[in-house]
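In this note's numbering, the protein residues as written are 839 to 1073.
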């Protein structure tokens, strides 16, 4: 049996078992990560890595916004003000999802906890952040494809993944977060413009952005086309 969240050339979405099965699986996977963390807290008597739970919570926001965009009440064949507002928020919060991959840098022997255990801990959070981000991107790609065609859908995907790579750089090295755009939009815009105008003065920004953007693109395309094996229409 084949399921489609958003049939091509229409955004009238009748919920099927698929989105709820997917959401349930994602929720259980996130719960498993939290359980692994809580077991570590009990064993090592320390709350080290608590930030992973906050990052995981932020990773759910893009999916919630993408679901809001694709909910059945949005029946027009072109995006309205609500869609555009939700899309802007979604794009703002999207980098929070794959950002958790960069938390793998914290891997090391500490707190008497075996290295293999912390490897599973960090990787499980990174995996959940990655698939939560990709699930939200898949929904948005379906919407854009329905509105403007397949090429436009893939253009949005590539632009979003590049923005995600740059967002990871800003979060990891500049220590910015999504809220900073709301608190100091002019300052953020000025800094971004400076970095884009003089990219060769910021080699680390260029390398980190391109590496993460390339990794995210290959990972998303792999998962997308694996899913398309069962439903070629969604390729």
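No residue lacks a Cβ here, since even glycine has one placed at the ideal position from N, Cα and C.
Legend entry - 8 Å CB neighbourhood of residue 964 in its chain, flanking five on each side removed: 938, 939, 941, 942
Legend entry - Through-space distance from residue 1050 to residue 998, alpha-carbon basis: 12 Å
Inset, instruction - Determine the closest residue to residue 879 out of 956, 934, 1008, with distance taken between C-alpha atoms. - result: Comparing Cα positions, the closest option is 956.
Legend entry - Span of the alpha helix (DSSP H) around residue 979: 953 to 986
Inset, instruction - Using three-state DSSP, classify residue 948 as helix, strand or coil. - result: strand
Inset, instruction - Answer yes or no: does any C-beta atom of chain B fall closer than 8 Å to that of residue 949? - result: In the structure shown, chain B cannot be found, because there is only a single protein chain.
Legend entry - residue 931 and residue 952 closer than 8 Å at C-beta: no
Legend entry - Beta-carbon proximity list for residue 959, same chain, < 8 Å, skipping 5 on both sides: 871, 874, 875, 878, 887, 890
Legend entry - C-beta contact flag for residue 990 and residue 967 at 8 Å: no
Inset, instruction - Go ahead and label residue 1024 buried or exposed: buried means 16 or more other beta carbons lie within 10 angstroms of its beta carbon, across all protein chains shown. - result: That one is exposed.
Legend entry - Length of the line joining the Cα atoms of residue 933 and residue 971: 8 Å
Legend entry - Opening and closing residue of the alpha helix (DSSP H) in which residue 920 lies: 919 to 931
Inset, instruction - Classify residue 1055 as helix, strand or coil using the three-state DSSP reduction. - result: helix
Inset, instruction - Figure out for me which residue from 858, 882, 929, 1036 has the closest Cα to the Cα of residue 950. - result: 882
Inset, instruction - Can you grab the Cα-Cα spacing for the pair residue 911 / residue 867, in whole Å? - result: The predicted model places residue 911 with a pLDDT of 45, which falls under 50 and marks its position as unreliable; any figure quoted below should be read in that light. Each residue's Cα considered, the two are about 29 Å apart.
Inset, instruction - Identify, in the order they occur along the chain, each residue of the same chain with its Cβ nearer than 7 Å to the Cβ of residue 1054, setting aside the five sequence neighbours on each side. - result: 936, 999, 1002, 1003
Inset, instruction - Specify, as a first and last residue, the run of the alpha helix (DSSP H) that residue 937 falls within. - result: Per DSSP, the continuous alpha helix (DSSP H) segment holding residue 937 begins and ends at 934 to 937.
Legend entry - Start-to-end residues for the alpha helix (DSSP H) that takes in residue 1038: Where residue 1038 is concerned, there is no enclosing alpha helix (DSSP H), given that its DSSP letter is neither H nor E.
Inset, instruction - Could you pull out every residue in the same chain whose Cβ sits closer than 6 Å to the Cβ of residue 982, ignoring the five residues on either side in sequence? - result: 990, 991, 994
Legend entry - Nonlocal neighbours in the same chain, by C-beta distance under 7 Å from residue 1061, ignoring five residues either side: Cβ neighbours of residue 1061 beyond the five flanking positions: 972.
Legend entry - Limits of the alpha helix (DSSP H) - the one that residue 899 falls within: Here the alpha helix (DSSP H) through residue 899 covers 889 to 907.
Inset, instruction - Give the DSSP-derived three-state secondary structure of residue 1050 in the structure shown. - result: helix
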